[in-house]
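Asks:
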Amino acid sequence: MKKITIIIPCYNEERSLPLLYERLNEVREQLPQYAWEFLLVNDGSRDNTLQIMRSLRSRDSQVCYIDLSRNFGKERAMLAGLDFATGDAVIIMDADLQQPPEIIPQMLKLWEEGYEDVYARRLTRKGEPWLRRQMSQLFYKLLQRFTRDDVLRNVGDFRLLDRKCVDALKLLREHERYTKGLFVWIGYKKTEVTYEQQERAQGNSSFGFMRLLTLAVDGITSFSTAPLRISTVIGLIVSLVAFFYMCYVLIKTIILGGDPVQGFPTLIIVMLFLGGVQLLSLGIIGEYLARIFNETKNRPVYLVREKEGV
Ligand code: UDP
Ligand code: MG
1 MKKITIIIPC YNEERSLPLL YERLNEVREQ LPQYAWEFLL VNDGSRDNTL
51 QIMRSLRSRD SQVCYIDLSR NFGKERAMLA GLDFATGDAV IIMDADLQQP
101 PEIIPQMLKL WEEGYEDVYA RRLTRKGEPW LRRQMSQLFY KLLQRFTRDD
151 VLRNVGDFRL LDRKCVDALK LLREHERYTK GLFVWIGYKK TEVTYEQQER
201 AQGNSSFGFM RLLTLAVDGI TSFSTAPLRI STVIGLIVSL VAFFYMCYVL
251 IKTIILGGDP VQGFPTLIIV MLFLGGVQLL SLGIIGEYLA RIFNETKNRP
301 VYLVREKEGV
């Protein structure tokens, strides 16, 4: 009998979790030909999420949970889930019911047909403010420019992964994780299913503006060194312009004689502009340096306080 693990990272989801469990249960009853494992990862919630997990576990032996020692963020919580999952296929989904569990049978069907990574693409982004949608579109455009890998738009972490993909992802143990990019990086045979994104069942999204911005910067810096190259290109252009201007001034001085000192405003503008470009380039280098620093510390990506059933 093939075993399917469903990984659910949870951060303050005390109210959605019981609802999600009910919905998953219905799916499980439809598909008795599989063995199931509901792997809940408590990512340092500050509410009663852990107690709920415990009570689900006591009622249902197919539920198991991992309690992380603090809030490590969704990306790392997902890695924790992948590390402990034992299924032949793994499905990752959010706890907030924005993703309908009812498309799981469809995913499993495609998996049985031989696809190794069945991702779900959302057709609508209900329950997300306009500005956030625009920002996310801008980010994907940038990312697509910067990277050769095609990070797919409107594809989140909701997907089914074959054991092969899971083992591959477990090898990628970077700290600043951008899992959406990692899914692309590992390759394997992919296909898509589509779904309508729902409103969040309960509570609020824990990804505020700053958190999304950090994720965006992580996404770009961990998948592309293009920003570094942009600094090089700007430097090159500025140097070339300066060189030609120098030639022009030299020749003009020889033929027409020198200028008395003039042009104070232009001088200041050029200085400030170049100063700005230099600081920006330094900042970009700093971003990459910080990443190198964090990775070389070689700390574990997450820590587990308690685990049950895994
Ligand atoms: N999540 C998590 N750790 C965090 C933040 C979020 O495990 O630090 C989980 C959260 O419980 C949910 C999923 O990640 O199951 C997606 O979070 P959310 O719904 O807040 O994000 P959004 O859907 O707005 O992108
Ligand atoms: Mg959500």
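Heads up: the sequence shown begins at 1 in the numbering used here, then just goes up one per residue. Even for Gly, the Cβ is constructed at its ideal location relative to N, Cα and C.
1) Compute the Euclidean distance between the alpha carbons of Phe273 and Leu267, then round it to the nearest angstrom.
2) Is the Cβ-Cβ distance between Ala95 and Glu13 less than 8 Å?
3) Measure from the alpha carbon of Ala166 to the alpha carbon of each residue in Gly203, Leu212, Val238, Phe84, then state which is nearest.
4) Pull every residue with its beta-carbon under 7 Å away from any heavy atom of ligand 1, and keep them in chain order.
5) Would Gly276 and Gly219 be called neighbours here (beta carbons separated by less than 8 Å)?
6) With DSSP run on the structure shown, which of helix, strand or coil describes Pro260?
7) Would you kindly work out how many angstroms separate the C-alpha atoms of Ala80 and Tyr302, rounded to a whole number?
8) Measuring only the C-alpha atoms, how far is Ile234 from Ile4?
9) Measuring alpha carbon to alpha carbon, tell me which residue in Arg76, Asp60, Gln51, Arg57 is nearest Val304.
10) Roughly how many angstroms separate the alpha carbons of Ile92 and Ser224, rounded to a whole number?
11) Hey, how far is the Cα of Leu40 from the Cα of Lys297?
12) Would DSSP call Lys2 helix, strand or coil?
13) Given a cut-off of 8 Å, decide if Tyr195 and Leu123 are closer than it, judged by their beta-carbon atoms.
14) Is the segment 167–181 in contact with the segment 96–110, if contact means three or more CB pairs nearer than 8 Å?
15) Could you tell me whether the Cβ atoms of Phe38 and Ile66 are closer together than 8 Å?
16) I need the DSSP call for Thr266, collapsed to helix, strand or coil.
17) What did DSSP end up calling Gln62 once you bin it into helix, strand or coil?
18) On the three-state DSSP scale, how would you describe Tyr178?
19) Please report the straight-line C-alpha distance between Val241 and Ser281, rounded to a whole angstrom.
20) So, is Gly159 buried or exposed, given that buried needs 16 or more other C-beta atoms within 10 angstroms?
21) State buried or exposed for Asp162, treating a residue as buried only when at least 16 other CB atoms are found within 10 Å of its CB.
22) Rounded to whole angstroms, how far is the Cβ of Arg15 from the Cβ of Gly208, which I believe are closer than 8 Å?
23) Report back the beta-carbon spacing between Thr191 and Tyr115 to the nearest angstrom; my notes put them in contact at under 8 Å.
24) Alpha carbon to alpha carbon, how far is Ile8 from Leu279?
25) Which residue wins for smallest C-alpha separation from Glu29, given the options Ile104, Ile237, Tyr119, Leu138?
26) Between the Cα of Gly283 and the Cα atoms of Leu228, Arg299, Asp43, Ile254, which residue gives the shortest distance?
27) Just curious, the alpha helix (DSSP H) that Leu24 is in, first and last residue?
Replies: Checking against the coordinates, here is how it stands:
1) The residue given as residue 273 occupies position 273 in the sequence shown. The residue given as residue 267 occupies position 267 in the sequence shown. Cα to Cα, the separation comes out at about 10 Å.
2) One-based indexing of the sequence shown puts residue 95 at position 95. One-based indexing of the sequence shown puts residue 13 at position 13. In contact: Ala95 and Glu13 (Cβ atoms closer than 8 Å).
3) Reading the sequence shown from its first residue, position 166 is the one you call residue 166. Checking the sequence shown, residue 166 turns out to be Val, not Ala. Of the candidates Gly203, Leu212, Val238, Phe84, the one whose C-alpha sits nearest the C-alpha of Val166 is Phe84.
4) Ile8, Pro9, Cys10, Tyr11, Asn12, Glu13, Val41, Asp43, Asn71, Gly73, Lys74, Ala77, Asp94, Ala95, Asp96, Gln98, Arg200, Ser205, Ser206, Phe207
5) Translated into the one-based positions of the sequence shown, residue 276 becomes position 276. Translated into the one-based positions of the sequence shown, residue 219 becomes position 219. It is not a contact, given that the beta carbons lie outside the stated cut-off.
6) Walking along the sequence shown from the start, residue 260 turns up at place 260. Note: Pro260 maps to coil in three-state DSSP.
7) Here the question's residue 80 lines up with position 80 in the sequence shown. Here the question's residue 302 lines up with position 302 in the sequence shown. About 7 Å.
8) Taking the first residue of the sequence shown as position 1, residue 234 is located at position 234. Taking the first residue of the sequence shown as position 1, residue 4 is located at position 4. Roughly 51 Å between the two C-alpha positions.
9) One-based indexing of the sequence shown puts residue 304 at position 304. Out of Arg76, Asp60, Gln51, Arg57, Arg76 has the C-alpha closest to the C-alpha of Val304.
10) Within the sequence shown, the letter at position 92 stands for residue 92. Within the sequence shown, the letter at position 224 stands for residue 224. Approximately 26 Å, taken between the alpha carbons.
11) By 1-based counting over the sequence shown, the position of residue 40 is 40. By 1-based counting over the sequence shown, the position of residue 297 is 297. Answer to the nearest angstrom: the Cα atoms are 28 Å apart.
12) Here residue 2 corresponds to residue number 2 of the sequence shown, with the count starting at 1. Reduced to three states, the DSSP call for Lys2 is coil.
13) Numbered from its first residue, the sequence shown carries residue 123 at position 123. Numbered from its first residue, the sequence shown carries residue 195 at position 195. In this structure, Tyr195 lies closer than 8 Å to Leu123 by Cβ.
14) no
15) In the sequence shown, the residue the question calls residue 38 occupies position 38. In the sequence shown, the residue the question calls residue 66 occupies position 66. It is not a contact, given that the beta carbons lie outside the stated cut-off.
16) On the sequence shown, position 266 is the one that residue 266 refers to. It is helical.
17) Here the question's residue 62 lines up with position 62 in the sequence shown. It is coil, neither helix nor strand.
18) In the sequence shown, the residue the question calls residue 178 occupies position 178. Reduced to three states, the DSSP call for Tyr178 is coil.
19) Translated into the one-based positions of the sequence shown, residue 241 becomes position 241. Translated into the one-based positions of the sequence shown, residue 281 becomes position 281. About 19 Å.
20) Locating residue 159 in the sequence shown gives position 159, counting from the first residue. Residue identity check: residue 159 is Arg in the sequence provided, not Gly. Counting Cβ neighbours within 10 Å, Arg159 comes out buried, since at least 16 surround it.
21) Position 162 of the sequence shown, counting from 1, holds the residue named residue 162. Buried is the call here.
22) Along the sequence shown, one-based indexing puts residue 15 at 15. Along the sequence shown, one-based indexing puts residue 208 at 208. In fact, because the Cβ distance is near 19 Å, the residues do not count as touching under 8 Å.
23) Stepping through the sequence shown from its first residue, residue 191 is reached at position 191. Stepping through the sequence shown from its first residue, residue 115 is reached at position 115. Their Cβ separation, rounded to whole angstroms, is 5 Å, which keeps Thr191 and Tyr115 in contact under 8 Å.
24) Reading the sequence shown from its first residue, position 8 is the one you call residue 8. Reading the sequence shown from its first residue, position 279 is the one you call residue 279. Each residue's Cα considered, the two are about 42 Å apart.
25) If you number the sequence shown from 1, residue 29 lands on position 29. Glu29 has its Cα closest to that of Ile104, out of Ile104, Ile237, Tyr119, Leu138.
26) Indexing the sequence shown from 1 puts residue 283 at position 283. It is Leu228.
27) Mapped onto the sequence shown, residue 24 falls at position 24. Run containing Leu24: 16–30, per the alpha helix (DSSP H) assignment.
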